[in-house]
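In the UniProt record's numbering, the protein residues as written are 1 to 52.
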């Protein structure tokens with residue numbers, strides 16, 4: 001019984017660790033995408049300002 005509980009707790013901690021890693025990776029990717037998009041928007045604004 002104790003070993004079973006230990007295995008379950010190990011699995012839970014492993015899952016939480018992997019979840020945290022995935023969350024950080026996804027957040028990083030989202031931030032990069034937003035930064036890229038912001039950069040593109042800035043470029044568009046510069047082009048619009050230049051044409052005006």
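We put the beta carbon where it would ideally sit given N, CA and C, even for glycine.
Owing to the predicted nature of the structure, the values given are computational and were not obtained by experimental measurement.
Item to check | residue 35 versus residue 50: straight-line alpha-carbon distance, rounded | outcome: Within the chain shown, residue 35 is the residue found at index 35, counting from 1. Within the chain shown, residue 50 is the residue found at index 50, counting from 1. In a straight line, the C-alpha of residue 35 is about 22 Å away from that of residue 50.
Next on the checklist: I need the boundaries of the alpha helix (DSSP H) containing residue 11, first residue and last residue.
Outcome noted: Counted from its first residue, the chain shown places residue 11 at position 11. Note, residue 11: alpha helix (DSSP H), 2-51.
Next on the checklist: In whole angstroms, give me the CA-to-CA distance for residue 15 and residue 37.
Outcome noted: What you label residue 15 is simply residue 15 of the chain shown in a count that begins at 1. What you label residue 37 is simply residue 37 of the chain shown in a count that begins at 1. Near 32 Å, if we compare the C-alpha coordinates of residue 37 and residue 15.
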